[in-house]
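Contents: one structure, followed by commentary.
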Amino acid sequence: MLSHDVYFTLKDKSDDAKRALVAACKKYLSDHPGTVWFSAGVLAGEFERDVNDRAFDVALLIVFKDKAAHDAYQESPKHEKFIEEFGDVWESVRVFDSWLDAVSHGDMDVKAASTAKVPIPRLPDAAASFAGMIEGEVIAQTDGGIVVAVKKVAKVWESNKAGDPESLVGTQVLVVAPTDNKRHAARVSRFLRLLKVGEKVSLDVAHKGEGEALSLLELTEEQRERVKQD
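Residue numbers for the sequence shown follow my numbering, so the first one is -5 and each next one is one higher.
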């Protein structure tokens, strides 16, 4: 297998610009024939060790089954379209291609973990403006969070305005990091990425009134410690 690692430095350092490039990578560069693995993401700002390279803003990783798949990707119309439409947004781009002599995915099912085809579940109307603690099982990772199969509504907070909190039980919900506090959001996002499919979770969540997602509010002491230890 051949690993194709690409590192972008953008002219516009805004979060919107970075997310737009990640979305473009997914649109034009994923699902090419011969692709074993695809991922794209923004620099994780919470890591500030001396060894962390902070010269890049967005990273792209594609693992191809062989060189022929890589070469076909390079010459594909979608790849050319990506460069044509987004080539002006980056200040520089660096590429590291390597043959994979050692590969391990641990206990992760690569096919099941792919986020490209995970449908976003619809929040029940009666659960709109919910605030409380839910218990359930992680059934998928998505680009922006996790999908949880809700088994129980453990607590309902005073701020809850949902007509029927129990309508969440037996449904699947999208859980994402909040957007109103960047530092807290980074910590919550890190925790969400640590969760594995099949893991049992208890989550303090609230529906902010827009969209289908529930925002993960406060991490428990155990959850905060997990983020620190990773």
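Note that the Cβ used here is the ideal one computed from N, Cα and C, for glycine as well.
Under 7 Å Cβ to Cβ from residue i, same chain only, skipping five residues before and after it: list those, please.
i: Gly130; result: Val142, Ala143, Val144, Lys145, Val195
i: Thr173; result: Ala179
i: Cys19; result: Ala34, Leu54
i: Gly138; result: Val170
i: Lys7; result: Asp51
i: Pro159; result: Ala121, Phe124, Gly126, Val147, Val150
Within the same chain, show all residues whose beta-carbon is closer than 6 Å to that of residue i, passing over the 5 residues directly before and after it, in chain order.
i: Gln166; result: Pro115, Val141, Ala143
i: Phe90; result: Asp(-1)
i: Lys149; result: Gly126, Met127
i: Arg43; result: none
i: Thr214; result: none
i: Val191; result: Val132
i: Phe32; result: Ser24, Ile56
Can residue i and residue j be called in contact, C-beta distance under 8 Å?
i: Ile128; j: Leu162; result: yes
i: Leu15; j: Val45; result: no
i: Arg220; j: Leu188; result: yes
i: Asp23; j: Ile56; result: Going by the sequence as given, residue 23 is Leu instead of Asp. Taking 8 Å as the Cβ cut-off, Leu23 and Ile56 qualify as a contacting pair.
i: His64; j: His(-2); result: yes
i: Ala171; j: Ser153; result: no
i: Val83; j: Ala200; result: no
i: Leu186; j: Leu208; result: no
i: Lys5; j: Glu69; result: no
Give every residue of the same chain whose Cβ lies closer than 8 Å to the Cβ of residue i, excluding the five residues on either side of it in the sequence, and list them in chain order.
i: Val87; result: Val0, Tyr1, Phe2, Thr3
i: Met(-5); result: Val30, Val57, Phe58, Lys59, Asp60, Trp93, Leu94, Val97
i: Arg13; result: Val36
Just to check my reading of the structure: residue i and residue j have Cβ atoms closer than 8 Å, yes? What is that Cβ distance to the nearest angstrom?
i: Ala121; j: Ala66; result: At roughly 46 Å, the Cβ-Cβ gap does not stay under 8 Å, so Ala121 and Ala66 are not in contact.
i: Glu193; j: Val132; result: 5 Å
i: Gly147; j: Gly164; result: It should be noted that the sequence gives Val, not Gly, for residue 147. Actually they do not touch by this definition, with Cβ atoms about 11 Å apart.
i: Leu117; j: Glu206; result: 5 Å
Does DSSP classify residue i as helix, strand or coil?
i: Arg220; result: helix
i: Arg88; result: strand
i: Leu117; result: coil
i: His(-2); result: strand
i: Phe76; result: helix
i: Phe41; result: coil
i: Lys190; result: coil
i: Phe32; result: strand
i: Phe185; result: helix
i: Thr109; result: Legend: pLDDT at Thr109 = 44, less than 50; position of this residue unreliable, no value from coordinates given.
i: Val150; result: strand
i: Asp198; result: strand
i: Ser123; result: coil
i: Ser209; result: strand
i: Val16; result: helix
i: Val104; result: Confidence in Val104 is poor, its pLDDT being 44 and thus under 50, which makes the residue's placement unreliable; the coordinate value appears in the next sentence. Helix, per DSSP.
i: Glu69; result: coil
Buried or exposed for residue i, please, with buried defined as at least 16 other CB atoms from any protein chain shown within 10 angstroms of its CB.
i: Asp47; result: exposed
i: Asp119; result: exposed
i: Asp226; result: Outside the displayed range of the chain (-5 to 224) lies residue 226, so it cannot be described from this structure.
i: Phe41; result: exposed
i: Gln135; result: buried
i: Asp198; result: buried
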